[in-house]
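What follows is a single structure, written as structure tokens, with notes after it.
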Amino acid sequence: GIPLTIEYGALGMACATALSELSKNLIVYGLLRREFEIRYPWGASIRIFMAATVVALLLLFLKQHINFIVAGGLGGVAWLVSIRVFQVLSNDQRQLLRGVTPPRFQKALGLLVGA
16 GIPLTIEYGA
26 LGMACATALS
36 ELSKNLIVYG
46 LLRREFEIRY
56 PWGASIRIFM
66 AATVVALLLL
76 FLKQHINFIV
86 AGGLGGVAWL
96 VSIRVFQVLS
106 NDQRQLLRGV
116 TPPRFQKALG
126 LLVGA
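Mapping the sequence shown onto this note's numbering, position 81 (from 1) lands on 96, and the numbers just tick up by one.
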């Protein structure tokens, strides 16, 4: 048979990796719940899923019209905008990010993530 890498290409490899990571994380989450009381942040997960969906749709659209390097740069900008729009980062996370960002990038960080 034809190797799956050749048949499905990079998108197939990315999907296989994503499914593998998801299944691993679900197994670890299930095992941890047996030992510890864990509250899952569903709200944050939904917001990051919405942001990722917007960026994925943008990249899917751009794939047909723009060089992939330019589309990747636009996707990075779209990801940063989506993080701000969908408020993916909590206030504590934004403050932590601000704490590790060099002073000369503080203003840009504030514009990008609202820190």
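Backbone N, C-alpha and C define an ideal beta-carbon position, used for all residues, glycine too.
Residue i in three-state terms, based on DSSP
i: Thr-68; result: helix
i: Ser-60; result: helix
i: Ser-97; result: helix
i: Phe-83; result: helix
Which listed residue (the options) has its alpha carbon closest to that of residue i
i: Ile-53; options: Ala-59, Ser-60, Tyr-44; result: Tyr-44
i: Ser-105; options: Met-28, Val-128, Thr-116; result: Val-128
Same chain, Cβ closer than 8 Å to residue i, five either side skipped, listed in chain order
i: Leu-47; result: Ile-53
i: Ser-35; result: none
i: Ala-59; result: Val-103, Ser-105
Alpha-carbon spacing of residue i relative to residue j, whole angstroms
i: His-80; j: Leu-74; result: 10 Å
i: Val-96; j: Arg-113; result: 17 Å
i: Gln-110; j: Lys-78; result: 35 Å
i: Phe-107; j: Glu-50; result: As written in the sequence, residue 107 is Asp, which differs from the Phe given in the question. Each residue's Cα considered, the two are about 27 Å apart.
6 Å CB neighbourhood of residue i in its chain, flanking five on each side removed
i: Phe-101; result: Arg-62, Met-65, Ala-66
i: Pro-117; result: none
Residue-chain proximity (residue i, chain C), Cβ-Cβ < 9 Å
i: Leu-46; result: The chain inventory of the structure shown lacks chain C, comprising one protein chain alone.
Query raised in the report: At a cut of 8 Å, does the segment 88-102 reach the segment 61-72 through at least three beta carbon pairs?
Result: yes
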